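Novice: Mind having a look at this structure? Questions to follow.
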Amino acid sequence: MISDRNILHRNKIMPIKNIMSYGGSVRDFFREDLHAVAPQGYCLMPEWICHSMIESVYAANWQPLFYPVLPPEQASMILQADIQVMMKMLSDLPQPCAVLLAHPLGYIDPGCMEFLRKTQKICNIHVFLDLSQGYGRKNCLPEILHAHATYYSFNGNKLIRTGGALRLCLTDREPIPLSVRNIFTVFYTAADETFSALTDGLKSHAIEEEIRNASLYAPQQSSPYRTVLNWEKCSSSLQTLLKRQGWVQPLLAEPGQGKRPPSSNYHQWCKNVMLMFSSPRVEWSL
Numbered sequence: 389m390i391s392d393r394n395i396l397h398r399n400k401i402m403p404i405k406n407i408m409s410y411g412g413s414v415r416d417f418f419r420e421d422l423h424a425v426a427p428q429g430y431c432l433m434p435e436w437i438c439h440s441m442i443e444s445v446y447a448a449n450w451q452p453l454f455y456p457v458l459p460p461e462q463a464s465m466i467l468q469a470d471i472q473v474m475m476k477m478l479s480d481l482p483q484p485c486a487v488l489l490a491h492p493l494g495y496i497d498p499g500c501m502e503f504l505r506k507t508q509k510i511c512n513i514h515v516f517l518d519l520s521q522g523y524g525r526k527n528c529l530p531e532i533l534h535a536h537a538t539y540y541s542f543n544g545n546k547l548i549r550t551g552g553a554l555r556l557c558l559t560d561r562e563p564i565p566l567s568v569r570n571i572f573t574v575f576y577t578a579a580d581e582t583f584s585a586l587t588d589g590l591k592s593h594a595i596e597e598e599i600r601n602a603s604l605y606a607p608q609q610s611s612p613y614r615t616v617l618n619w620e621k622c623s624s625s626l627q628t629l630l631k632r633q634g635w636v637q638p639l640l641a642e643p644g645q646g647k648r649p650p651s652s653n654y655h656q657w658c659k660n661v662m663l664m665f666s667s668p669r670v671e672w673s674l
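Residue numbers (the working numbering): 389 to 674.
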């Protein structure tokens, strides 16, 4: 992998006060930031968000609420947020309140920037951006400049796996410090390497063209971590190979660990798509 990745280790770089900081996890940063906004409040979150982020909201003495995704036939990317519903939910909430935006599975939400522009004009709505699944391929800097804080995770099976997390606070801050731009360069380099490794893996199994034909929303893909497949377009032999190699995973049927029912729109996504990793994972192999 890349030789300068130690730039990401929190012990190898000095944080810039109020701009860039390293910590143990995104959920810890998120809890701290909600505490800083108010002792309690309401936070809107994607209905597919992981359980640990929900627990962070509770730990901050806030109440989570969940905005839905658009149905597949209305969306231009996987699990695209229903911005209209989100705005209606916000208008009904007491302020201050918070919103967590995320680019699910490494795909850029085309409605994110417009939403950020609207909410930035309202001083008591605090918007946080979680890029843990979608950093490295496309420049999200315009969005980062409009969010109160942006989070990156290096834990688990992320693009970069040094451990820990990064928080950037760049609201309306230009020019961007060189140390921050260097971090973006590390992200882009890691993404290019992983995309190349993915392509080589597909070529070695002679399935590159089949995967390309079955891939969905490729123009919005910001990270090689996962590729979205139209499962019905995959031949039975390809499906068998991908499952046997541990290359694919379905969407979670109950992303909130059963504590809230997902929308019917979310269930439509579960039926229509399969997620492919950038490299095989033993835990998903048959």
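Ideal Cβ positions, reconstructed from N, Cα and C, are used throughout, including at glycine. The structure displayed is predicted, hence computed values, not measured ones.
1) Can you tell me whether DSSP reads arginine 600 as helix, strand or coil?
2) If distances are taken between C-alpha atoms only, which option among Ala424, Leu453, Pro460 and Arg415 comes closest to lysine 659?
3) Short check: CB of threonine 615 to CB of serine 603, under 8 Å?
4) Using the three-state DSSP reduction, which class does tyrosine 446 fall into: helix, strand or coil?
5) Tell me which same chain residues have a C-beta within less than 7 Å of the C-beta of glutamate 531, skipping the five on either side of it?
6) Less than 8 Å between the beta carbons of leucine 493 and isoleucine 466, yes or no?
7) Do alanine 553 and asparagine 543 have their CB atoms nearer than 8 Å?
8) Opposite threonine 615 in the DSSP bridges: which residues?
9) Determine the direct distance from the alpha carbon of glutamate 435 to that of phenylalanine 572, and round the result to whole angstroms.
10) Taking 8 Å as the cut-off, decide whether the C-beta atoms of histidine 536 and threonine 559 are in contact.
11) Nearest-angstrom Cα distance between glutamine 451 and asparagine 601?
12) Glutamate 642: buried (16+ other C-beta within 10 angstroms of its C-beta) or exposed?
Specialist: In short:
1) Locating residue 600 in the sequence shown gives position 212, where the first residue counts as 1. It is helical.
2) One-based indexing of the sequence shown puts residue 659 at position 271. The shortest C-alpha separation from lysine 659 is found at Pro460.
3) On the sequence shown, residue 615 is found 227 positions in, with the first residue counted as 1. On the sequence shown, residue 603 is found 215 positions in, with the first residue counted as 1. Contact flag set, yes.
4) Residue numbering aside, residue 446 sits at position 58 when the sequence shown is read from its first letter. Shown here, tyrosine 446 sits in a helix according to DSSP, grouped into three states.
5) Indexing the sequence shown from 1 puts residue 531 at position 143. Closer than 7 Å at Cβ, skipping near neighbours: Cys500, Met501, Leu504 and Leu517.
6) The sequence position of residue 493 within the sequence shown is 105, counting from 1. The sequence position of residue 466 within the sequence shown is 78, counting from 1. In contact: leucine 493 and isoleucine 466 (Cβ atoms closer than 8 Å).
7) Your numbering for residue 553 matches position 165 in the sequence shown. Your numbering for residue 543 matches position 155 in the sequence shown. The answer is yes: Cβ separation under 8 Å.
8) Here residue 615 corresponds to residue number 227 of the sequence shown, with the count starting at 1. Its beta-bridge partners are Met664.
9) Counting from one through the sequence shown, the residue named residue 572 turns up at place 184. Counting from one through the sequence shown, the residue named residue 435 turns up at place 47. One C-alpha to the other measures close to 28 Å.
10) Indexing the sequence shown from 1 puts residue 536 at position 148. Indexing the sequence shown from 1 puts residue 559 at position 171. Yes. Within cutoff.
11) For the purposes of this step, residue 451 is taken as the residue at position 63 of the sequence shown. For the purposes of this step, residue 601 is taken as the residue at position 213 of the sequence shown. Spanning the two alpha carbons is a distance of roughly 42 Å.
12) On the sequence shown, residue 642 is found 254 positions in, with the first residue counted as 1. Looking at its Cβ environment, which holds fewer than 16 other Cβ atoms inside 10 Å, glutamate 642 is exposed.
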